Every structure is written in structure tokens, then in C-alpha cells.
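Novice:
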Amino acid sequence: MTSFPNDLRYTHDHEWLRAAGSAWRVGITQFAVDQLGDITLVDLPREGDLVTKGQRFGTIESVKSVSDLYAPVSGKVTAVNASLKDSPEQINNEPYGAGWMIELEPTEKAELSELLTPDAYAQHTAA
Amino acid sequence: MERKRTPLWPVHKQLGARLIDFGGWDMPVSYPAGTIKEHRAVREAVGLFDVSHMGEVVLRGPRVREAVERLTTNAVASAPAGKAVYTLLCRPDGGVVDDCIFYKRSDEEFFVIVNASNTAKDLDWFRDHTHSLCEIDDVSDYTALIAVQGPKAVELVDQLAGGALAGLPSFGFTNAVVAGVECLAARTGYTGEDGFELACAGDEAVALWTALMDNLPPGGLPIGLGARDTLRLESRLPLYGNDLDDDHTPLEAGLGWAVKLDREFIGAQALRDQKQRGLTRQLAGFKIAEDARAIARHGYAVVDRSLGTSEAAVIGTVTSGGPGICVGGSIGLAYVPVARARPGTELTIDCRGKDTPATVVSGKFYKRTQP
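Residue numbers (this note's numbering), protein chains in the order written: chain Z, 1 to 127; chain U, 128 to 498.
#1: Nearest to W336/U by alpha carbon, out of G289/U, Y493/U, P137/U?
#2: If the cut is a Cβ gap below 7 Å, which residues of chain Z does T357/U touch?
#3: Determine which residues of the stretch 62 to 85 of chain Z have a Cβ less than 7 Å from any Cβ of chain U, and write them out in chain order.
#4: For I422/U, would you say it is in contact with chain Z, using Cβ-to-Cβ distances shorter than 8 Å as the test?
#5: When you compare the stretch 154 to 169 of chain U with the stretch 204 to 220 of chain U, are there three or more beta-carbon pairs, one atom per stretch, that lie closer than 8 Å?
#6: Along the chain, where does the beta strand (DSSP E) containing Y70/Z start, and where does it finish?
#7: Starting from R359/U, trace the alpha helix (DSSP H) in both directions and tell me its first and last residue.
#8: Closer than 7 Å by C-beta to A243/U: which residues in its own chain qualify, once you throw out the five before and the five after it? Chain order, please.
#9: From P345/U to A172/U, what distance separates their C-alpha atoms?
#10: Alpha carbon to alpha carbon, how far is L41/Z from K85/Z?
#11: What do you get for G480/U, buried or exposed, if any count of 16 or more other CB atoms within 10 angstroms of its CB means buried?
#12: Going by alpha carbons, who is nearest to T29/Z out of V63/Z, L44/Z, G54/Z, G97/Z?
#13: Under the three-state reduction of DSSP, which class applies to P159/U: helix, strand or coil?
#14: Cβ of S157/U less than 8 Å from any chain Z Cβ?
#15: Please confirm whether I163/U has its beta-carbon closer than 8 Å to some beta-carbon of chain Z.
#16: DSSP state of R145/U, grouped into three classes?
#17: My understanding is that G222/U touches D373/U, with C-beta atoms under 8 Å, so please give their C-beta distance in whole angstroms.
#18: For R363/U and E105/Z, what's the separation of their Cα atoms in angstroms?
#19: Can you grab the Cα-Cα spacing for the pair A313/U / K210/U, in whole Å?
#20: Quick one: is R363/U near chain Z, going by C-beta distance under 8 Å?
#21: Please confirm if the stretch 400 to 419 of chain U is in contact with the stretch 379 to 386 of chain U, defined as three or more CB-CB distances below 8 Å between the two stretches.
#22: Go through the stretch 446 to 486 of chain U residue by residue and report every complete run of the beta strand (DSSP E) that reaches 3 residues or more, in order.
#23: Give the straight-line distance between the Cα atoms of F176/U and G48/Z, rounded to the nearest whole angstrom.
#24: Could you name each continuous beta strand (DSSP E) segment of 3 residues or more that falls completely within the stretch 207 to 265 of chain U, going from the start of the chain to the end?
#25: Go to K76/Z, then tell me how far its alpha helix (DSSP H) extends in each direction, as first and last residue.
#26: Nearest to T446/U by CA position, among G143/U, V195/U, A461/U, is which residue?
#27: Given K414/U, which residues of its chain have a CB within under 6 Å of its CB, disregarding the five upstream and five downstream residues?
#28: Among all the DSSP beta bridges, which residues are the ones paired with W152/U?
#29: Count the other CB atoms, across all protein chains shown, that sit within 10 Å of the CB of S113/Z; report buried if there are 16 or more and exposed otherwise.
#30: What is the DSSP secondary structure of A120/Z, counted as helix, strand or coil?
#31: Under the DSSP definition of a beta bridge, which residues are partnered with A312/U?
#32: For I350/U, tell me which candidate among E391/U, L198/U, V275/U has the shortest Cα-Cα distance.
#33: Which residues, taken in chain order from the stretch 439 to 451 of chain U, show a beta carbon closer than 8 Å to some beta carbon of chain Z?
#34: At a Cβ threshold of 8 Å, is N92/Z touching chain U?
#35: Report the partner residues of D177/U according to the DSSP bridge assignment.
#36: Give the residues of chain Z in contact with G353/U, contact being defined as C-beta atoms less than 7 Å apart.
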């Protein structure tokens, strides 16, 4: 079973979240990256946009496929990783670091408790 | 259902390949280097491909030429021995059963490599349309196929064949011993680069692959099916099931050069009629600029919004699309009305709800500079 960083929370859609002040930083997991292969394009929302848990907030294109990105929690986009526009390969290289995508200020705090622990996520990917 | 494995499956596992289901086969889509690096390795150095999933058939007998004459759109039966010929197999209505390469060994024997996903269909087609003029021997299960492609491919293979292969002309083939393994070595490929395709006995495939890997020059890599697809698209080589199918003719696909209409073969009359009437649709190559940040993929609609906003606006369909790894932006192929297929024509493609501008371009997206 693959292990996943302990300081993160996860979703069933293979996203991770890390607390960053009052906001949460969001990216996709190594598991998702392995499935996608080389990433060539990312389409992300703009700062200030509102997103709703479970709704599409962007798309990610690899050489072979295109996938939707689903908001892990509802909230306001407070930061966007603009460097992904020219260097989407950072997601392949450092999915938990330089490959982060957006930061969200949650509006429904209760949704945070529904996120998966590393162990629960590891079980989800092994299933 | 259990996926089928090629003889090189354990090697792919060991190399850390990501394996996917490809038409019932468990095949490497990429190795740890990733599709983009693999693609560039083939353009700049050399890549090794396991394409053993493809089908191999031997047609033989005193009257095999008559059978081949009926089956093939190109001048295959009359080719000299030792020549490989790309051809379509057509239905009576001109639709494409498959595209494949016939290797003429003699006037009494042809070796045929067909698309993996079409192997069973092609065998039925051969049986139904050769009228017992020849023996049909399906050797797919015990034949492995390794492609070696790229500017350093010829040197790599030639050195393992004792200098016997560098002189082989393009689309020539010969029996050769490569790294001690008996092969049919052909100067063919599906990448737009120079190189060889080596067919050998399945139980010798690991030995051949290992020798090639051990002698791989700097920059060389094993290559998965992901890069095989981006490479063939950049070189504008069609893929059956995407760009070719039962419903489109070779003339519409721009493969008229592989159709000799002065001959008689299955589909010849339908194709002559179509040529006489004039084409209504055509496979066009298109480019999407880098700053449009979009990839038009198989099945996306080509639209003209002046005709309406829904189905009325659809004027064509994308058959293949992907990033132009060595040419920038993204590239693809689409069937469009002939009037929209001229180079320079601006097209609009509905990329998942976003209308994206594309420009028709002629010829290959990528053309190699070396001979």
C-alpha cells in the first residue's frame, strides 16, 4: 500500500489539502499523478472565485486524457498557483509541493471534517 | 477477463512501466521517464517499443498473389520480393477494414502485420475473401515484435547485426540475426523516424530486448504506447479506429497514394466512383495555438456557429488529437467538409464546451531533418 504525507487531508477524488493559515492549499495526490501520466495543461479558477464542494473548479489535461478537478470543500479562492500555466510538469515532479493548485478559504467549516485521513485515503486507493 | 501479455511483459514490470488495458492486452503506456521524455528520446536519440500485441499472419501458396491482389488497395502483389508495402484492406463500399503492411517474401509467400485490435476481424476477412487461393497462417501468438526508432536506431541495430542492416533501404526487409536472434528485420516504423521493426520468435524476445537495452546509446529509452501515439500523430500517420474506420474511405483519409485505382481489388469500383463524383469530406490536420491552451481530442465536434448553436452547427469530428510535443501547441486530425480542409482555413472546435480556434495545416506536423 502506498503511503501518503501525514500532515495532509484527502478526498475520494484524489486531491490533498494542507492548512495554510485560515486557508487550505489544494493539489492532487501522487496516486492521481501516476494515473494521469505527463500533465500538459491545467485550467484553474481565478482569485476571488467561489467554488462549491463537489462541483468542477478546473480541468487538468495529460498527454492522454482530460479530467475535471472537483472542489474538495466550498469556499473562496484566495490564491492560484500561476506558475503551473507555463510549467504544469511541476505537478508531476512535486505534487505536494511546487505542484499545488489553489488555496481556498472554506465557507462551510463542517465540510472539513468529512475529509479523509492519510490512512483512510490509502485504503481508498488500495481498494 | 485476464489481460493478454506479450513475452516482454516481465521486462516492462521490472522497468517500472505503467501498464494499461489496450484492446485486451496488458501493455506499457509509459515508463518512469514519462510520455514527453520518451517522445523526445525517439526524436533525438532512439527508443525501443514492444509492439508484440500486433497481429502477424502468413499468406502462402502457388496462387497467393491472386488473393493478395484482391485484398489490397496498393500495388502489393506485384512488388519485388524483399519489399514491404503499406496498404489498406477495403470493403466493397470503400470503407476501411484495416491498414497494414504486407512483406513480400516471394511470389508464393507474404508476411502481414495487422493492427492488434483488428487481428481476429482481419483473419475472418482473409478467410472470407481469398477463396481458398492461399493458406492463412496466424502466427501472432508466437511472434514478438520490437520497434527500434530514432536517429540512432540504425546504428544500434546494425552493430548488433554485424553490419548487415545499415544498407537496407526504406521499406526493405530481410532475414537477419540480431544479437544472436533470428529476425525479420524491416526498415519500417510508426514514428516518422528512421529505424527498424524486428519480428522474432516470442521465446527469444527477452534476449533481443535485453541486448538492445544493454547497447542503448545515451538518451535512448524504452517507449510506451502513450508516446507511440503522440509520435505517430506528429508524423501524421493514421490510427485505425480513430482516423480510419468502416465509414470512411482511404481517399477521404488522404491515403490516395496507397490506392492504385487502375487495379481490380475489393472496393476499387466504389473508390473510382467516389473519385469521379468528388469528395465531400476529408481528413484535415489542424493546429491549436499554444495560447489557446486546449487539446482537441477524439470525438470532439468541429462547429460553425453561424449555422446554429446546437447540432446544426456541427460540421465535422476530431478523430485524433494531442499535444504537439516537438512542434508546440496542440495538433490533431478531423473529418471536415472539403471546402474547410484547405490549409490556412480557420476551424472552431468545441473543446468540452469551450469554442477553440484551430488552423488547418497541410502535411506532417513534424518532419525529420535527417534523411
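Glycine is no exception: its CB is placed at the ideal position from the N, C-alpha and C atoms. No experiment lies behind these values; they were computed from the predicted model shown.
Specialist: Inspection of the coordinates gives the following:
#1: Selected option, being the one with the closest Cα: P137/U.
#2: The contacting residues are V63.
#3: Under the 7 Å Cβ criterion, the stretch 62 to 85 of chain Z contributes V63, K64, V66.
#4: By this cut-off, I422/U is an interface position.
#5: Not touching, per the Cβ criterion.
#6: Looking at the DSSP string, the run of the beta strand (DSSP E) that includes Y70/Z is 66 to 70.
#7: R359/U -> alpha helix (DSSP H) spans 352 to 361.
#8: In the same chain as A243/U, and ignoring 5 residues on each side of it, the C-beta atoms closer than 7 Å to its own belong to G150, W152, H180, M181, G182, in chain order.
#9: Cα to Cα, the separation comes out at about 8 Å.
#10: The straight-line gap from Cα to Cα measures roughly 7 Å.
#11: Classification of G480/U: exposed, given that the 10 Å Cβ count is below 16.
#12: The option with the nearest alpha carbon to T29/Z is G97/Z.
#13: The answer is coil: DSSP assigns P159/U none of H, G, I, E or B.
#14: True, the Cβ-Cβ gap to chain Z drops below 8 Å.
#15: It does: the Cβ of I163/U has a partner Cβ on chain Z nearer than 8 Å.
#16: Here R145/U sits in strand by DSSP.
#17: So it is a contact: roughly 4 Å between Cβ atoms.
#18: CA-to-CA, the gap between R363/U and E105/Z works out to about 47 Å.
#19: Computed Cα separation, rounded: 9 Å.
#20: Contact of R363/U with chain Z is not assigned, every C-beta pair being separated by 8 Å or more.
#21: The stretch 400 to 419 of chain U makes contact with the stretch 379 to 386 of chain U, as at least three CB pairs between them are under 8 Å.
#22: Counting whole runs of 3 or more residues, the stretch 446 to 486 of chain U contains the beta strand (DSSP E) stretches 457 to 464, 473 to 478.
#23: Approximately 47 Å between the Cα atoms of the pair.
#24: DSSP runs (the beta strand (DSSP E)) wholly in the stretch 207 to 265 of chain U: 210 to 217, 223 to 233, 236 to 241, 262 to 265.
#25: Taken as a continuous stretch (DSSP letters only), K76/Z belongs to no alpha helix (DSSP H), being part of the beta strand (DSSP E) at 75 to 80.
#26: Proximity to T446/U across G143/U, V195/U, A461/U peaks at A461/U, based on C-alpha coordinates.
#27: Here the set comprises G456, I458, T486, V488.
#28: Paired residues: K131/U, F149/U.
#29: Looking at its Cβ environment, which holds fewer than 16 other Cβ atoms inside 10 Å, S113/Z is exposed.
#30: DSSP places A120/Z in helix when its eight states are reduced to three.
#31: According to DSSP, A312/U bridges with T301/U, L325/U.
#32: Put simply, of E391/U, L198/U, V275/U the residue whose alpha carbon is nearest the alpha carbon of I350/U is V275/U.
#33: Along the stretch 439 to 451 of chain U, going in chain order, the ones with a CB nearer than 8 Å to a CB of chain Z are G449, P450.
#34: Judged by the 8 Å Cβ criterion, N92/Z is in contact with chain U.
#35: According to DSSP, D177/U bridges with I273/U.
#36: Under the 7 Å cutoff, chain Z gives G37, V63, K64.
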